[in-house]
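Residue numbering for the sequence shown follows our numbering, starting at 2 and increasing by one per position.
Glycine included, every Cβ here is placed at the ideal spot set by N, Cα and C.
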Amino acid sequence: MKHIPAGAFLTLAECDRKVFLEHNGDPSLRLPPTPYQRWIMGQGQAFERDVVAGFDVQRPAYPAGRLETGFHATLELMQRGVPYIYQGVLQAADLIGLPDLLEQVDGPSRLGGWHYRPIDIKLATRVHPEHRLQMMAYIRLLELIQGVRPDGSLFLRLPPDQRAPDRLYHAETITFNETLFAEKLEEVRKLIGGYEPLPFISSTCNGCEWREHCLPIAEAAEDVSLLPGMTRQAWRGLREQGLGTLRAIAGATPKELQAIKGIGKKRARKYTTLAQAFLEERAIPFEKLMFEASQAPIFFDVESVPGEGIIYLMGTLIVEGGEARFEYDLAESREDEAAMWRSFLDRMERLDGLLYHYGAYERTAICQLADRYGEGERADDLLDRMIDLRRILIDSVALPLRGYSLKDVAPWLGFEWTGETQAADDSMLEYIHWLEDGDRRRLERILRYNEDDCRATLAVYEWLRELAGR
2 MKHIPAGAFL TLAECDRKVF LEHNGDPSLR LPPTPYQRWI MGQGQAFERD VVAGFDVQRP
62 AYPAGRLETG FHATLELMQR GVPYIYQGVL QAADLIGLPD LLEQVDGPSR LGGWHYRPID
122 IKLATRVHPE HRLQMMAYIR LLELIQGVRP DGSLFLRLPP DQRAPDRLYH AETITFNETL
182 FAEKLEEVRK LIGGYEPLPF ISSTCNGCEW REHCLPIAEA AEDVSLLPGM TRQAWRGLRE
242 QGLGTLRAIA GATPKELQAI KGIGKKRARK YTTLAQAFLE ERAIPFEKLM FEASQAPIFF
302 DVESVPGEGI IYLMGTLIVE GGEARFEYDL AESREDEAAM WRSFLDRMER LDGLLYHYGA
362 YERTAICQLA DRYGEGERAD DLLDRMIDLR RILIDSVALP LRGYSLKDVA PWLGFEWTGE
422 TQAADDSMLE YIHWLEDGDR RRLERILRYN EDDCRATLAV YEWLRELAGR
């Protein structure tokens, strides 16, 4: 009998196909984690150690991989009434799980005058649906073992501005949802048992270790999930109606598409045009492009480590008299962030041009910095000058691409990142390591990457300006 691990419920909320592949796929097709993903895993382990250090815990002893033995060792600790059990093994029916902590609480059970409730420690700052499902698996396991259904707790990392050495987390109580868990348990059983769902391609796939296995399957089938913005609900509905390919969508009538739940008039037209762009390998405008150009445009990009609450670089490419120059404000330490913010505002006040950025994050960063350090009036003036090119592109033009990220669009326009640092995750790691070792070559790589991001934004601007002038 294949056991169903509690972690499968965590994965299910992300992708059903991933559950299948983790239990039935060819491991050789799985990509190794990226350096940034390894760092995140390390952060999670360190946070768990810091939290657990505040409890007097006992840990079941058993040989590595011998989970059956681990369960019996855990059960012995539970029968003794140990206050906190760390990384105990729970096993019942076809379920198995290893919650971070088991907490003894008052109330009779098969164990005696006490029972246990599960606690899981998460690096996240808020509860996600997948956390609830995994916790429900632990609750069900404990119910089967001790005859009492407990609630559970998630220990979630506090946001950076609320953390202190003696205050690391906040607790969220999770209760059991019988109907939801039964539905998801049946789905997981089916997947682990060998049912292979079709790939659904989305932005989540970019960080998945199975992406190079799934993407070619979807591309060969010309699957509609290749279209940017395709929802899973619409994808299922389209497939059920025989409209699951790009060619089918491109040739469908608006009435056929609008019969699908989740697809209205505007979205039907957008899907059709996107499919046509994909098949014809060209850009197709949705409507006449209204584009505001500037005499002296400024291209703006922010680098940060959101999980650590650090905004460390505000780079700008300033175009004047046909010449482009890169200028920036950099926080070389956490303590320099306020000075970086005010220097950036001073710099922008001396310039008259509009600020073009790619994506919503730059506006978010401006608002965050104003909340932390003031200068709200100057921040509002700056926000009034900012234009999001990504929003314009998404609303105006169908591109023959899977996504509208800068890393999707700029290479299609012929732009290349030329530095050693090629992605935002890599830039974050470079900065984190800079704080640790002070190697200024890391800052040079970060600056080069940020300048390339600004120049990529310029490439999009020039293409849009040309398109608007046609």
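field: residue 163 in three-state terms, based on DSSP
entry: Here residue 163 sits in helix by DSSP.
query: Can you list, in chain order, the stretches of the alpha helix (DSSP H) that have 4 or more residues and sit fully within the stretch 169 to 238?
result: Look at the stretch 169 to 238 and you find these whole runs of alpha helix (DSSP H), each 4 residues long or longer: 179 to 193, 212 to 222.
query: Where DSSP assigns a beta bridge to residue 106, which residues make up the other side?
result: Residue 106 pairs with 116.
field: residue 314 and residue 327 closer than 8 Å at C-beta
entry: It is not a contact, given that the beta carbons lie outside the stated cut-off.
query: Per DSSP, which one or two residues make a beta bridge with residue 61?
result: DSSP output for residue 61 lists no bridge partner at all.
field: The alpha helix (DSSP H) enclosing residue 132, as first and last residue numbers
entry: First-last of the alpha helix (DSSP H) with residue 132: 130 to 147.
query: In angstroms, rounded to a whole number, what distance separates the CA positions of residue 311 and residue 432?
result: If I take the Cα positions, the gap works out to 10 Å.
message: At 3 residues or longer, what runs of the beta strand (DSSP E) sit wholly inside the stretch 384 to 452?
response: DSSP runs (the beta strand (DSSP E)) wholly in the stretch 384 to 452: 387 to 389.
query: With DSSP run on the structure shown, which of helix, strand or coil describes residue 21?
result: Residue 21 falls in the helix class under three-state DSSP.
- request: State buried or exposed for residue 218, treating a residue as buried only when at least 16 other CB atoms are found within 10 Å of its CB.
  value: Classification for residue 218: exposed.
query: For residue 261, does the three-state DSSP call read helix, strand or coil?
result: Coil, per DSSP.
- prompt: In its own chain, which residues sit with a C-beta less than 6 Å from the C-beta of residue 137, not counting the 5 before and 5 after it?
  reply: Around residue 137: 177, 182.
message: Using only the alpha-carbon positions, how far apart do residue 388 and residue 363 sit?
response: About 10 Å.
task: Report buried or exposed for residue 108, applying the criterion of at least 16 other Cβ atoms within 10 angstroms of its Cβ.
output: Classification of residue 108: exposed, given that the 10 Å Cβ count is below 16.
query: Would you report the Cα separation of residue 366 and residue 383, rounded to the nearest angstrom?
result: Whole-angstrom Cα-Cα distance: 12 Å.
message: Let's test the definition: count the other Cβ atoms within 10 Å of the Cβ of residue 56 and tell me whether it reaches 16, buried, or not, exposed.
response: Classification of residue 56: exposed, given that the 10 Å Cβ count is below 16.
query: Taking one C-beta from the stretch 158 to 167 and one from the stretch 188 to 204 each time, how about it: are there three or more such pairs within less than 8 Å?
result: No, they do not touch.
task: Ignore the nearest five residues each way along the sequence and tell me which others in residue 94's own chain have a CB closer than 8 Å to its CB.
output: Only 145 meet the Cβ criterion.
message: Suppose contacts are defined by Cβ-Cβ distances below 8 Å. Is residue 18 in contact with residue 200 by that definition?
response: Contact flag set, yes.
task: Within the stretch 233 to 321, note down every full alpha helix (DSSP H) run reaching 4 residues or more, in order along the chain.
output: Counting whole runs of 4 or more residues, the stretch 233 to 321 contains the alpha helix (DSSP H) stretches 233 to 241, 247 to 252, 255 to 259, 266 to 281.
field: Coil, strand or helix - residue 101 by DSSP
entry: Of the three classes helix, strand and coil, the one that applies to residue 101 here is coil, per DSSP.
task: Grab me the residues of residue 89's own chain with a C-beta within less than 6 Å of its C-beta, minus the 5 sequence neighbours each way, in chain order.
output: If we look at residue 89 and ignore the five residues flanking it on each side, its Cβ neighbours are 61, 75, 103.
- prompt: In chain order, what residues of the same chain lie with their CB nearer than 6 Å to the CB of residue 142, ignoring the 5 residues before and after it?
  reply: So the qualifying residues of the chain are 91, 93, 96, 98.
Status (buried if at least 16 other CB within 10 Å, exposed otherwise) for residue 275: Within 10 angstroms of the beta-carbon of residue 275 lie 16 or more other beta-carbons, which makes it buried.
- prompt: So is residue 446 buried or exposed if we call it buried at 16+ other beta carbons inside 10 Å?
  reply: The C-beta of residue 446 has 16 or more other C-beta atoms within 10 Å across all chains shown, which makes the residue buried.
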